[in-house]
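Residue numbers (our numbering): 75 to 234.
Where a beta carbon is used, it is the ideal one built from N, C-alpha and C, also for glycine.
The model shown is predicted, which means the values in this text are computed figures rather than measured ones.
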Amino acid sequence: RVVPVILDWLGVKHRPPKRAEGKDDLFERARDYAELQLARGATELLFVFDADGPDGPAEWGRFAQRLQGLPVVGFVPVHMLEAWLLADEDAIAAVLGRPAERVPDPEGDPEPDQTLSRIFRMAGKGGYIKSVHARLIALAAADRNWMRCPSYARGTHHFR
């Protein structure tokens, strides 16, 4: 739900995203999906997946190898997409309706989803619910704030 918001910020014309049933499914079906979309006229493809630990760059390398020779652009968030959400305390505050703390190193947080949940609980909101709050934060967020995250900043240069 967050990826289309990011693409809209960047002015990228896109189709609604297809979702895989986890990373293994994504890795298994990616080449077939990519070839189908390219045959339908796509000029570039974007695959997004969470790097669930320190293996993020290696996972991207393994994934890119499966798609070798295809015009693919990839984002690999560090740990979780929630790290990018944490980078914009103004957007979090807009969703909470009150000021939110600034997280100095969002991608250095080993459990950004838990940090968001703590911030939401402290604001009396019961906790962060990914299926509800991630898109709301992204809609209120600003690209310039997410640039604090090296993995986001690396990926966006492909669209500039």
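{"Item": "For the beta strand (DSSP E) that contains Val122, what are its first and last residues?", "Value": "119-122"}
{"Item": "Indicate whether Pro180 and Leu155 have their beta-carbon atoms separated by less than 7 Å.", "Value": "no"}
{"Item": "Entirely within the stretch 167-215 and at least 4 residues each: give me those alpha helix (DSSP H) ranges in chain order.", "Value": "186-196, 204-214"}
{"Item": "Only counting the same chain, and skipping five residues up and downstream in sequence, which positions put a Cβ closer than 7 Å to that of Glu109?", "Value": "none"}
{"Item": "Of the choices Glu163, Pro224, Ala215, Pro178, whose alpha-carbon is the least far from that of Val79?", "Value": "Ala215"}
{"Item": "Using C-beta distances below 6 Å, list every residue in its chain close to Arg234, excluding the 5 sequence neighbours before and after it, in chain order.", "Value": "Here Arg234 scores only 36 on pLDDT, less than 50, and its place in the model is too uncertain to base an answer on."}
{"Item": "Are Arg93 and Arg209 closer than 7 Å when you measure CB to CB?", "Value": "no"}
{"Item": "Among the residues of its own chain, which have a CB less than 7 Å from the CB of Asp223, if the five just before and after it don't count?", "Value": "According to the sequence shown, residue 223 is Cys rather than Asp. Hits under 7 Å: Ala157, Trp158, Ala161, Pro180, Glu181."}
{"Item": "Assuming Ala174 contacts Glu163 under a Cβ cut-off of 8 Å, what Cβ separation, rounded to an integer in Å, is found between them?", "Value": "5 Å"}
{"Item": "Within 10 angstroms of the Cβ of Ser225, are there 16 or more other Cβ atoms? Answer buried if so, exposed if not.", "Value": "buried"}
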